[in-house]
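Residues in the sequence shown are numbered consecutively from 1341, following this note's numbering. Beta carbons: idealized from backbone N, C-alpha and C, even for Gly. This one's a predicted model, so the numbers in the text were calculated from it and none came from an experiment.
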Amino acid sequence: MVDSSFPGTEPSALEPDYINQTETWEKLSCKPFLDASRTGVIGRIGWIPDWDFIPTKYRRQWGEYCLLGRKKSSS
């Protein structure tokens, strides 16, 4: 299964947080993905380095997409 996780987004009944259900799912591979809803226009249209002195509102904000595998039951 592929699931996404973006900071600031709350899970719901329609979109559960499978990535953090570690008793059922294990991460096989994860890649960062730009969170367009939390990244300002300048961060989306141009490259801005992630230096500490650059204000947060101009930095890119990241989430992740993960390929998950169901853990095998130990019975």
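Residue from the options whose Cα sits closest to the Cα of residue i
| i | options | result |
| --- | --- | --- |
| Ile1385 | Ala1376, Ile1359, Glu1404 | Ala1376 |
| Ile1359 | Lys1412, Tyr1405, Ser1413 | Tyr1405 |
| Lys1412 | Trp1365, Ala1353, Leu1374, Asp1392 | Trp1365 |
| Arg1410 | Ser1344, Arg1378, Gly1348, Glu1363 | Glu1363 |
Residues of its chain near residue i, where Cβ-Cβ distance is below 8 Å and the 5 sequence neighbours each way are ignored
| i | result |
| --- | --- |
| Leu1416 | The question about residue 1416 has no answer here: the residues shown for the chain are numbered 1341 through 1415. |
| Ile1382 | Ile1388, Tyr1398 |
The beta strand (DSSP E) enclosing residue i, as first and last residue numbers
| i | result |
| --- | --- |
| Gly1403 | 1402–1410 |
| Pro1372 | 1365–1374 |
| Asp1343 | 1342–1345 |
Residues near residue i by beta carbon distance below 6 Å, same chain, minus five either side
| i | result |
| --- | --- |
| Pro1351 | Asp1357 |
Start-to-end residues for the alpha helix (DSSP H) that takes in residue i
| i | result |
| --- | --- |
| Gly1383 | 1381–1385 |
Three-state class that DSSP yields for residue i in the structure shown
| i | result |
| --- | --- |
| Thr1362 | coil |
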